[in-house]
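Residue numbers (the working numbering): 98 to 420.
Notes follow the structure.
Here is the structure:
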């Protein structure tokens, strides 16, 4: 308990100092912390042939960088089936600073961290283990924006719940009160989302695109795309040597309340594309990289179809036996 109190006290005081720094300084320091520990793509590949080597051994943190509405809640479920739950810390934006005691519930930094954070999050400075595996998932931007709008409209606890129910999708996209409507995937990756920090950033769109793609390639051990989620799970199976990747979709908006993208007027779709031009190009490049990596891992369409069949069979068996 004394160790816990000391770590909690130090972390609490350091948090105040951390947020007194500029966003640019915080981003730089966290990038340095990631660079120091990250097990990169090439090293992950090198570990595959040796079944005895696990990249998430006891000296390694596992960080899932959860971008909202990218099937992240489903991924949380898969992670929880493959890593010890007692060593996990899950949080959302803003929660971490209010709950540093929870971060140190075991008297040390947790092995596995997942949640809605961005590059400025203080927890990167509190990592204690020598190495880190970090991964994320990105989604086609138009569908993500529509999905996020539907999510906010149906969750009364969300800060923008009333606003989303007062505004049309088009109006909500235009609203300055909704950061998630405007290139939010790229800005989150770059630590520019909170407090609309991107407005003070001097980089051109081309530079933001380049930096976002580089962030994905070089500061994440690997990443996936939501539209090929099953292939992403096959990536996890090969790189992380996880064997229980069967799942059912989590946190999915009720079909009756979902907006049908095919029924959205062209003007609104064009507006979403305009507000998310950076994300659209980052996604295009990310998808290309992901598909190239799947080829490297020999994750073919047939491999994915076989997994999908097994996943259906597994859940039919569970349902039949009421496990």
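Where is the CB? At the ideal position from N, CA and C, for every residue including glycine.
Terminal residues of the alpha helix (DSSP H) in which residue i lies
i, result
"residue 208", "Unbroken run through residue 208: none, as it is neither H nor E."
"residue 314", "302-315"
"residue 239", "238-250"
"residue 174", "169-179"
Enclosing beta strand (DSSP E) for residue i [first to last residue]
i, result
"residue 231", "228-235"
"residue 397", "It is not in any beta strand (DSSP E) - residue 397 carries neither H nor E in the DSSP assignment."
"residue 319", "319-322"
"residue 118", "Careful: residue 118 lies outside any beta strand (DSSP E) and carries neither H nor E."
"residue 200", "That residue, residue 200, is in no beta strand (DSSP E); its alpha helix (DSSP H) goes 197-200."
Cut-off 7 Å between Cβ atoms - residues of its own chain near residue i, not counting five sequence neighbours on either side
i, result
"residue 275", "257, 269"
"residue 284", "290, 295"
"residue 314", "386"
"residue 366", "239"
"residue 166", "236, 241, 244, 245, 248"
"residue 212", "163, 187, 188, 189"
"residue 370", "239, 377"
"residue 101", "Reliability fails at residue 101, whose pLDDT of 49 lies under 50, so the model's placement of it is uncertain and no value is given."
Classification of residue i by the beta-carbon crowding that lies within 10 angstroms, buried from 16 upward
i, result
"residue 434", "Past the edges of the chain, shown from 98 to 420, lies residue 434, and the structure says nothing about it."
"residue 231", "buried"
"residue 160", "buried"
"residue 223", "buried"
"residue 303", "exposed"
"residue 330", "buried"
"residue 381", "exposed"
"residue 279", "buried"
Cβ-Cβ separation, residue j to residue i (assumed contact under 8 Å), whole Å
i, j, result
"residue 136", "residue 228", "5 Å"
"residue 234", "residue 301", "Not confirmed; about 27 Å, so no contact."
"residue 216", "residue 288", "3 Å"
"residue 425", "residue 220", "A query on residue 425 cannot be resolved here, the shown segment of the chain reaching from 98 to 420 and no further."
"residue 158", "residue 208", "6 Å"
"residue 138", "residue 319", "6 Å"
Residues near residue i in its chain [Cβ-Cβ closer than 6 Å; skip 5 each side]
i, result
"residue 286", "309, 312"
"residue 401", "327, 328"
"residue 306", "375, 378, 379"
"residue 356", "243, 247"
Which listed residue (the options) has its alpha carbon closest to that of residue i
i, options, result
"residue 175", "363, 114, 342, 162", "342"
"residue 316", "203, 335, 204, 140", "140"
"residue 113", "127, 165, 166, 197", "197"
"residue 354", "167, 262, 124", "262"
"residue 205", "213, 212, 167, 183", "183"
"residue 408", "143, 345, 251", "345"
"residue 277", "394, 372, 395, 121", "372"
"residue 178", "339, 413, 393, 293", "339"
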